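Notes follow once the structure below has been shown.
In full-length UniProt numbering, the protein residues as written are 1 to 558.
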């Protein structure tokens, strides 16, 4: 692999940090975060080691779905600042070596969007075909709704014209008709607009629904994957290193379709399958569900990448587990009904689910950064923020960032009751968990996360290497290795509350005839290692090790 290739494919070993502008930092004291406030915190993200900031929706919106109900694709919500503030935010990030990507929500719009207001004004309006309509009363689609606690159909009747419009999500979010060439042109123009302002790509929301052609007359839609390919070509013409990160919560074989046969559709996709099996392994104290899933994960083109995560901005979905497996995870990490959402997921963050056990929490994040793929963090994970279970649904984890132990957590000068969302309380509240205190504590989770990020960035094997699960007799231990350009990194994780002994047998591919260097990447120690030497290692409860076997003369950082 040439250096130019690794530089162009920057997402292969990036560290992506997802933040919601309205809950990150408030600069003007109105209780709502804004771009000016987030720009002031850019040095913090650079110090942490973030290389790419992912922005949740910042567009003008009625805020019925936390900004995912967009009513203007070309603007910034006035509560968050101006276009100028956004450009300054992007410039500040780039000055510190960070790229910025943003959510692009093109499956649907708000029903307040001018397009839909025009579309519902009459059946012959030019914007009518921007959406999907039917004149006959729809059949029962209650089993197809995304939010079963809020909707009972994916069709909603518009009283003005007497027809039903399609909405795969909420009824106030009508689906766009992507089979319409005019809609496709608008989406491309909108993406081009934001690229010109400095974005390095997009996180594409709900890709399978975005490409859905339900309600389109047969023969008129074409192959939706052709459209995804055309978007990728358009993006690449505007910027050769731009990225499309897709939300595709489907089985692996279906996900491959969205990478494209020639790696010409999405650059990256979130690995929802491994994430869900990770929680099953954590619940059981048994690494085998995750190990078998990783072994079954199909190979992808070297230019593509999986995005790995342990917590995202939505509910922690468990929809791909069986009913009995989901019950196991619920029992372990969300036994109360108020901790669960939509019957398929959890509205909790990692520290409370792990009972505040710092060693176990560290093991989870060590695993995140060691899995084959690109790690994605949700804001506040690095300090151990918790959720507010009094807040409905997925908003329980979208609480104000905890910068200090002050009344409003250093997020805003406004009083707590004027903030955009209630603060977390209890063991994970800002009086106990905040950035200022964590930076002064060398044993904090924040310090550990900084170390993990540095080691991950120093290990191209993890982003580029060939992955292999190593058989272990102890079912609680996940042992795997990544090999790239002759160097091997061995990663060991103990999922159990009891100590474990691990034996690693080195073969000729790991240690050359002339010997090599064995480096403990998290303990900053190294020693020579000989061909055929076996390693016997002790892992403490929820213990973990990162070990590199380095060939002489490779010049790799350690």
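Glycine is no exception: its CB is placed at the ideal position from the N, C-alpha and C atoms. Remember, predicted model here, so these are calculated numbers, not experimental data.
Margin query: Tell me the DSSP secondary structure of residue 10 in three-state form.
Written below: Position 10 of the chain shown holds residue 10. Reduced to three states, the DSSP call for residue 10 is helix.
Item checked: First and last residue of the uninterrupted beta strand (DSSP E) at residue 425 -> Mapped onto the chain shown, residue 425 falls at position 425. No beta strand (DSSP E) holds residue 425; DSSP gives it neither H nor E.
Notebook entry, point to check: What do you get for residue 335, buried or exposed, if any count of 16 or more other CB atoms within 10 angstroms of its CB means buried?
Noted result: Along the chain shown, one-based indexing puts residue 335 at 335. Exposed, since its Cβ has fewer than 16 Cβ neighbours within 10 Å.
Note to self: Does residue 402 pass the burial test, meaning 16 or more other C-beta atoms within 10 Å, or should it be called exposed?
What the structure shows: Here residue 402 corresponds to residue number 402 of the chain shown, with the count starting at 1. Label assigned to residue 402: buried.
Checklist line | Cα-Cα separation, residue 405 to residue 144 | finding: Taking the chain shown and counting its residues from 1, one reaches residue 405 at position 405. Taking the chain shown and counting its residues from 1, one reaches residue 144 at position 144. Each residue's Cα considered, the two are about 44 angstroms apart.
Next item on the list: Please confirm if the stretch 336-346 is in contact with the stretch 259-270, defined as three or more CB-CB distances below 8 angstroms between the two stretches.
Entry: no
Check: For residue 234 versus residue 183, is the C-beta spacing smaller than 8 angstroms?
Finding: Sequence index remark: in the chain shown, residue 234 carries index 234 (1-based). Sequence index remark: in the chain shown, residue 183 carries index 183 (1-based). No; because the gap between Cβ atoms is not below 8 angstroms, this pair is not in contact.
Notebook entry, point to check: Taking the alpha helix (DSSP H) that residue 43 falls in, what are its first and last residues?
Noted result: Taking the first residue of the chain shown as position 1, residue 43 is located at position 43. Unbroken alpha helix (DSSP H) run through residue 43: 42-48.
Item checked: Cβ pair residue 451, residue 373 closer than 8 angstroms -> Position 451 of the chain shown, counting from 1, holds the residue named residue 451. Position 373 of the chain shown, counting from 1, holds the residue named residue 373. For residue 451 and residue 373, no; Cβs fall outside 8 angstroms.
Next item on the list: Using 10 angstroms around the beta-carbon of residue 349, count the other beta-carbons present and answer buried if the total reaches 16, otherwise exposed.
Entry: As a first step, residue 349 must be located in the chain shown, where it is residue number 349. Buried is the call here.
Note to self: On the CB-based measure, 16 or more other CB atoms within 10 Å of its CB, does residue 74 come out buried or exposed?
What the structure shows: For the purposes of this step, residue 74 is taken as residue 74 along the chain shown, with counting starting at 1. Counting Cβ neighbours within 10 Å, residue 74 comes out exposed, since fewer than 16 surround it.
Notebook entry, point to check: Assuming residue 482 and residue 461 make a contact with CB atoms under 8 angstroms, what is their CB distance in whole Å?
Noted result: Looking up residue 482 in the chain shown gives position 482. Looking up residue 461 in the chain shown gives position 461. Contact flag correct, Cβ pair sits at about 4 angstroms.
Margin query: I'd like the span of the beta strand (DSSP E) that includes residue 17, first residue to last.
Written below: Taking the chain shown and counting its residues from 1, one reaches residue 17 at position 17. Note, residue 17: beta strand (DSSP E), 16-19.
Next item on the list: Only counting runs of 3 or more residues, tell me where the beta strand (DSSP E) segments fall wholly within the stretch 227-282, in order along the chain.
Entry: 243-246, 268-270
Note to self: What ranges does the alpha helix (DSSP H) occupy inside the stretch 155-202, keeping only unbroken runs of at least 4 residues that lie completely in it?
What the structure shows: 181-196
Note to self: For residue 3 and residue 94, I'd like the C-alpha separation in whole angstroms.
What the structure shows: Indexing the chain shown from 1 puts residue 3 at position 3. Indexing the chain shown from 1 puts residue 94 at position 94. For residue 3, the pLDDT reaches just 44, beneath the cut-off of 50, and the residue's location in the model is therefore unreliable, although a value from the coordinates is still provided. Taking the straight line joining both Cα atoms gives about 21 angstroms.
Check: Could one say the Cβ of residue 89 lies closer than 8 angstroms to chain C's Cβ atoms, at least one of them?
Finding: Going by chain labels, chain C is absent from the structure shown, which holds only one protein chain.
Note to self: Applying the 10 Å Cβ sphere with the 16-neighbour rule, what's the burial state of residue 124?
What the structure shows: Against the chain shown, residue 124 aligns to sequence position 124. Exposed: under 16 other Cβ atoms inside 10 Å.
Notebook entry, point to check: Whose C-beta lies closer than 6 angstroms to the C-beta of residue 505 among residues of the same chain, with five residues either side of it excluded?
Noted result: The residue you call residue 505 lines up with position 505 of the chain shown. 534.
Notebook entry, point to check: Considering only the beta carbon of each residue, do residue 108 and residue 63 sit closer than 8 angstroms?
Noted result: Translated into positions along the chain shown, residue 108 becomes position 108. Translated into positions along the chain shown, residue 63 becomes position 63. No.
Next item on the list: Let me know if residue 473 comes out buried or exposed under the rule of 16 or more other beta-carbons within 10 Å of its beta-carbon.
Entry: Numbered from 1 along the chain shown, position 473 holds the residue referred to as residue 473. Residue 473 should be labelled exposed.
Check: Per the contact definition of three or more C-beta pairs closer than 8 angstroms, is the stretch 66-85 in contact with the stretch 17-36?
Finding: yes
Margin query: Please state whether the Cβ-Cβ distance between residue 503 and residue 548 is less than 8 angstroms.
Written below: Counted from its first residue, the chain shown places residue 503 at position 503. Counted from its first residue, the chain shown places residue 548 at position 548. The answer is no: Cβ separation not under 8 angstroms.
Check: Do residue 265 and residue 305 have their C-beta atoms closer together than 8 angstroms?
Finding: Within the chain shown, the letter at position 265 stands for residue 265. Within the chain shown, the letter at position 305 stands for residue 305. Going by C-beta atoms, residue 265 is not nearer than 8 angstroms to residue 305.
Checklist line | Own chain partners of residue 512 with C-beta closer than 6 angstroms, once the 5 adjacent residues on each side are dropped | finding: In the chain shown, counting from the first residue as 1, residue 512 sits at position 512. These residues qualify, in order along the chain: 551.
Notebook entry, point to check: Which of the three DSSP states, helix, strand or coil, is assigned to residue 328?
Noted result: What you label residue 328 is simply residue 328 of the chain shown in a count that begins at 1. In the structure shown, residue 328 sits in a helix (DSSP, three-state: H, G or I).
Next item on the list: Output the boundary residues of the alpha helix (DSSP H) element that contains residue 378.
Entry: If you number the chain shown from 1, residue 378 lands on position 378. Element bounds for residue 378: not the alpha helix (DSSP H) but the beta strand (DSSP E), 374-378.
Next item on the list: Please confirm whether residue 420 and residue 22 have their CB atoms less than 8 angstroms apart.
Entry: Residue 420 sits at position 420 when you count from the first residue of the chain shown. Residue 22 sits at position 22 when you count from the first residue of the chain shown. Yes, the Cβ-Cβ distance between residue 420 and residue 22 is below 8 angstroms.
Check: According to the neighbour-count rule (16 or more other Cβ atoms, all chains shown, within 10 Å of its Cβ), is residue 540 buried or exposed?
Finding: On the chain shown, position 540 is the one that residue 540 refers to. The residue in question, residue 540, is exposed, as its Cβ has fewer than 16 Cβ neighbours within 10 Å.
Margin query: Quick check on residue 488: does DSSP put it in helix, strand or coil?
Written below: Position 488 of the chain shown, counting from 1, holds the residue named residue 488. Of the three classes helix, strand and coil, the one that applies to residue 488 here is strand, per DSSP.
Note to self: In the DSSP assignment, the beta strand (DSSP E) including residue 539 goes from what residue to what residue?
What the structure shows: Within the chain shown, numbered from 1, the residue matching residue 539 stands at position 539. 534-539 is the extent of the beta strand (DSSP E) around residue 539.
Check: From 282, 399, 356, pick the residue whose C-alpha is nearest to that of residue 422; which is it?
Finding: In the chain shown, residue 422 corresponds to position 422, counting from 1. Comparing Cα-Cα distances from residue 422 to each of 282, 399, 356, the minimum goes to 399.
Note to self: So for residue 117, helix, strand or coil by DSSP?
What the structure shows: Indexing the chain shown from 1 puts residue 117 at position 117. Helix.
Item checked: Contacts around residue 41, its chain only, beta-carbon distance under 6 angstroms, and the 5 residues preceding and following it disregarded -> Here residue 41 refers to the residue found at position 41 of the chain shown. Taken in chain order, the residues that qualify are 25.
Check: From what residue to what residue does the beta strand (DSSP E) around residue 102 run?
Finding: For the purposes of this step, residue 102 is identified with residue 102 of the chain shown, where counting begins at 1. Looking at the DSSP string, the run of the beta strand (DSSP E) that includes residue 102 is 99-104.
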